[in-house]
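K.L.:
Residues -23 to -1, 1 to 201 (mature numbering (1 follows the signal peptide of the UniProt record, and there is no 0)) are what the sequence shown spells out, left to right.
The structure follows.
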Amino acid sequence: MRTAASLCLPILFLLAAVSSTQAYDFFYFVLQWPGSYCDTKQSCCYPSSGKPEADFGIHGLWPNNNDGSYPSNCDSSKPFDESKIRGLLSSLQSDWPTLACPSNDGTNFWAHEWEKHGTCAESVFDEYRYFKTALDLKTQLNLLQPLQSAGIQPDGGSYSLQSIKNAIEESVGYAPYIECNGDESGNSQLYQVYLCVDSSGSQLIECPIFPRGKCNSQIEFPSF
């Protein structure tokens, strides 16, 4: 479904042409709810910059193929270079925080995402544009707002999976994939939201394929 709320990235990112040797069909843009990451037997650690805000954080922008396969670690000659994204560090700390233990500044997380996923999209993004594109998408989507407007609050309550999907689709114009995980008691909870971006990295699209796995019909939305 397309609505007036369908989103496009800034014109800056439309300038990059997709190479004829491109080895992927689209991107998954994946946002993670920190309360669900932490509310497991494994628990979590807050980054050295402090506890993140109670908002969806970026997990990654992942090249993927229509058959479900995906490229990874495509160019070892382009390791993560923090100096190239120095101007984005404040935004990365707030919008793409690490929750892994032990506590750290997020550099390892960002390096992993660039080297595993970003290097496979060099026909579209250099390192700076890869991270900037994801940050801009997160800001434009603002996923927590449409959920709260639909009465779906991160308060530990249980909500209909379909109502969560409907609220997101009504806001952004495209159906999401919802990934769940289990809390310490094994209850299904809202963990990650997948939306799809076209192969040029310029606009949201209907997902050609969703990951495997499913949630219960009622899932928890834990506080953070």
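Here a beta-carbon is modelled for each residue, glycine too, at the ideal position from N, C-alpha and C.
Owing to the predicted nature of the structure, the values given are computational and were not obtained by experimental measurement.
Are the beta-carbon atoms of F57 and A88 separated by less than 8 Å?
P.N.:
Counting from one through the sequence shown, the residue named residue 57 turns up at place 80. Counting from one through the sequence shown, the residue named residue 88 turns up at place 111. In this structure, A88 lies closer than 8 Å to F57 by Cβ.
K.L.:
Just to confirm, is the Cβ distance from P48 to P40 under 8 Å?
P.N.:
Stepping through the sequence shown from its first residue, residue 48 is reached at position 71. Stepping through the sequence shown from its first residue, residue 40 is reached at position 63. The answer is yes: Cβ separation under 8 Å.
K.L.:
Along the chain, where does the beta strand (DSSP E) containing E156 start, and where does it finish?
P.N.:
Here residue 156 corresponds to residue number 179 of the sequence shown, with the count starting at 1. Where E156 is concerned, the enclosing beta strand (DSSP E) stretches over 154 to 159.
K.L.:
What do you get for R106, buried or exposed, if any count of 16 or more other CB atoms within 10 angstroms of its CB means buried?
P.N.:
For the purposes of this step, residue 106 is taken as the residue at position 129 of the sequence shown. Buried, since its Cβ has 16 or more Cβ neighbours within 10 Å.
K.L.:
I'd like to know if the region 137 to 152 and the region 70 to 90 are in contact, where contact means that at least 3 CB-CB pairs between them fall below 8 Å.
P.N.:
At 8 Å Cβ cutoff, the stretches do not touch.
K.L.:
Grab me the residues of D160's own chain with a C-beta within less than 6 Å of its C-beta, minus the 5 sequence neighbours each way, in chain order.
P.N.:
Stepping through the sequence shown from its first residue, residue 160 is reached at position 183. Counting only Cβ-Cβ distances below 6 Å, and skipping sequence neighbours, we find D16, Q166.
K.L.:
Taking the alpha helix (DSSP H) that W91 belongs to, which residues open and close that run?
P.N.:
Within the sequence shown, the letter at position 114 stands for residue 91. Run containing W91: 84 to 93, per the alpha helix (DSSP H) assignment.
K.L.:
Can you check whether the CB of D72 is closer than 8 Å to the CB of I35?
P.N.:
Position 58 of the sequence shown, counted from the start, is the residue given in the question as residue 35. Position 95 of the sequence shown, counted from the start, is the residue given in the question as residue 72. In contact: I35 and D72 (Cβ atoms closer than 8 Å).
K.L.:
Please classify E183: is it buried, with 16 or more other beta-carbons within 10 angstroms of its beta-carbon, or exposed?
P.N.:
Walking along the sequence shown from the start, residue 183 turns up at place 206. Under this definition E183 is an exposed residue.
K.L.:
If you follow the beta strand (DSSP E) that L187 is in, where does it begin and where does it stop?
P.N.:
One-based indexing of the sequence shown puts residue 187 at position 210. Note that residue 187 corresponds to Phe in the displayed sequence, not to Leu. That residue, F187, is in no beta strand (DSSP E); it is neither H nor E in DSSP.
K.L.:
Please name the residue or residues paired with C173 in a DSSP beta bridge.
P.N.:
As a position in the sequence shown, residue 173 is number 196, starting the count at 1. Y5, I182.
K.L.:
Rounded to the nearest angstrom, what separates L181 and L38 at their Cα positions?
P.N.:
Taking the first residue of the sequence shown as 1, we reach residue 181 at position 204. Taking the first residue of the sequence shown as 1, we reach residue 38 at position 61. Rounded to the nearest angstrom, the two C-alpha atoms are 12 Å apart.
K.L.:
Enumerated in chain order, which unbroken segments of the beta strand (DSSP E) with a length of 3 residues or greater are wholly contained in the region 13 to 60?
P.N.:
Counting only runs of 3 or more, we get 34 to 41.
K.L.:
In terms of DSSP beta bridges, what is Q195 paired with?
P.N.:
Residue 195 sits at position 218 when you count from the first residue of the sequence shown. According to DSSP, Q195 bridges with S137.
K.L.:
Can you list, in chain order, the residues of its chain with a C-beta nearer than 7 Å to that of T84? Leave out the 5 residues immediately preceding and following it.
P.N.:
Locating residue 84 in the sequence shown gives position 107, where the first residue counts as 1. Taken in chain order, the residues that qualify are E59.
K.L.:
Within a Cβ cutoff of 8 Å, which residues of the same chain sit near T116, ignoring the five residues on either side of it in sequence?
P.N.:
For the purposes of this step, residue 116 is taken as residue 139 along the sequence shown, with counting starting at 1. Same-chain partners within the cutoff: D72.
K.L.:
In angstroms, rounded to a whole number, what distance separates the CA positions of I62 and L172?
P.N.:
Locating residue 62 in the sequence shown gives position 85, where the first residue counts as 1. Locating residue 172 in the sequence shown gives position 195, where the first residue counts as 1. For I62 and L172, the distance between alpha carbons rounds to 24 Å.
K.L.:
Nearest to N164 by CA position, among Y1, F102, Y136, L120, is which residue?
P.N.:
If you number the sequence shown from 1, residue 164 lands on position 187. Here the closest residue by C-alpha is Y136.
K.L.:
Looking at the secondary structure, which residues open and close the alpha helix (DSSP H) in which A111 lies?
P.N.:
Counting from 1 along the sequence shown, the entry for residue 111 is found at position 134. Counting along the chain, the alpha helix (DSSP H) containing A111 begins and ends at 104 to 118.
K.L.:
For L167, write down the residues that DSSP places opposite it in a beta bridge.
P.N.:
What you label residue 167 is simply residue 190 of the sequence shown in a count that begins at 1. Answer is C157, bridged to L167.
K.L.:
Are L120 and V170 closer than 8 Å when you measure CB to CB?
P.N.:
Here residue 120 is taken as the residue at index 143 of the sequence shown, counted from 1. Here residue 170 is taken as the residue at index 193 of the sequence shown, counted from 1. Cβ distance < 8 Å, so L120 and V170 count as in contact.
K.L.:
For a test of the three-state rule: what should DSSP assign to L69, helix, strand or coil?
P.N.:
For the purposes of this step, residue 69 is taken as the residue at position 92 of the sequence shown. If DSSP states are grouped into helix, strand and coil, L69 belongs with the helices.
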